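These notes are about the structure you will find just below.
Chains as they are written, first to last, in the working numbering: chain A, 1 to 178; chain B, 1001 to 1178.
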């Protein structure tokens, strides 16, 4: 199937704690948009850090990382590609800067309580952080600044995966004619 | 005019000393391809460092920078965008890694002798480097590893700007049906 570039380029930005469900949602949303014939690219925190393992976890390193990702997303979106980004991106200021870089920046707060994320502990990272093996861990010894005015809040403790995906897709269809 | 995504996604990578003529050539090539209706993106060393001023000049920092750029280029090219990159990119190994990341990587060695680049000194950087105000300057106190098997060598001491642009465009047309 030929890919269709969107008239409405957009950057869908999923932010939230580790384990809140960002990557899973991003994967489903990308698949749904692609099955509608859209040109979609996914940028994901774990994947990007896998490519660039020297990326640090200080505020400065995190902010620079997020800005680089934002720049990358803005270039892709400029060419009509829908970019689905999943990054903890804990700092408001960095998210705000990325918003300014991108045309149609849709910030989705993928929300789950710290207790719930720790209970899920999909990657075993909370256990390792509590054991002191991982430092600068968002939510524990590093801050997470909740979005103040996100386009959407998706509470993954209250919504099923399917409901969450549909809510986001509906938002894109309604507001951006995607 | 509607932009045409290339059937043959490609990354055109211009490497060479500061002042060799990379950015000028990149600008002309991008304009020529765009005027043919192609979707083109330019990534340029000075521009990228302008966005991310904390990028250093050690080998490690340069290599990571080039890899990030290569990753960015590969994503754009994957979606059919012709990516024209102009970076000193002094190390063979980093260029090789970027080549591996990208489908249709065309390496162009934009060649001019150090003496000639220093004579041109368009940005006044050689003067500043000679005065000790700039360190880790490629060609002076930092190495430049010439490409061993570039797709093209463009000697800007022997060719006019127009000849250089035409040589590169002809190569793309002949080898990639761009």
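Idealized CB from N, CA, C, for every residue including glycine.
Bear in mind the structure is a predicted one, so any value in this text is a computation, not a measurement.
query: Three-state class that DSSP yields for residue 1102 of chain B in the structure shown; result: coil
query: Limits of the unbroken beta strand (DSSP E) element including residue 179 of chain A; result: In the structure as shown, chain A begins at 1 and stops at 178. Residue 179 of chain A is therefore absent and cannot be evaluated.
query: Sequence-distant residues of the same chain with beta carbon closer than 6 angstroms to residue 1041 of chain B, five excluded per side; result: 1076, 1081, 1083
query: Other residues of its chain near residue 179 of chain A: CB distance less than 7 angstroms, five sequence neighbours each side excluded; result: In the structure as shown, chain A begins at 1 and stops at 178. Residue 179 of chain A is therefore absent and cannot be evaluated.
query: Three-state secondary structure assigned by DSSP to residue 142 of chain A; result: strand
query: Distance CB(residue 1020 of chain B)-CB(residue 1112 of chain B) smaller than 9 angstroms; result: yes
query: Residues near residue 65 of chain A by beta carbon distance below 7 angstroms, same chain, minus five either side; result: 55
query: CB of residue 1108 of chain B within 9 angstroms of CB of residue 1168 of chain B, strictly; result: yes
query: Min CB distance residue 98 of chain A to chain B below 9 angstroms; result: no
query: Contact list for residue 79 of chain A against chain B, beta-carbon separation under 8 angstroms; result: 1003, 1039, 1041, 1076, 1079, 1081
query: Extent of the continuous beta strand (DSSP E) to which residue 1055 of chain B belongs; result: Where residue 1055 of chain B is concerned, there is no enclosing beta strand (DSSP E), given that its DSSP letter is neither H nor E.
query: Per DSSP, cross-strand counterpart(s) of residue 1012 of chain B; result: B:1084, B:1106
query: Cross-chain neighbours of residue 1054 of chain B in chain A, by beta carbon under 9 angstroms; result: 60, 64
query: Nearest to residue 44 of chain A (by Cα), restricted to the options A:38, A:15, A:59, A:35; result: A:15
query: Backbone CA spacing between residue 58 of chain A and residue 91 of chain A [nearest angstrom]; result: 11 angstroms
query: Residue 1 of chain A to residue 1079 of chain B span [Cα, whole Å]; result: Residue confidence for residue 1 of chain A is low, a pLDDT of 45 falling below 50, so the modelled location carries little weight; the figure read from the coordinates is stated next. Going from the Cα of residue 1 of chain A to the Cα of residue 1079 of chain B covers about 14 angstroms.
query: Cα-Cα separation between residue 1124 of chain B and residue 1115 of chain B, rounded to whole angstroms; result: 14 angstroms
query: For residue 1135 of chain B, the three-state DSSP class (helix, strand or coil); result: coil
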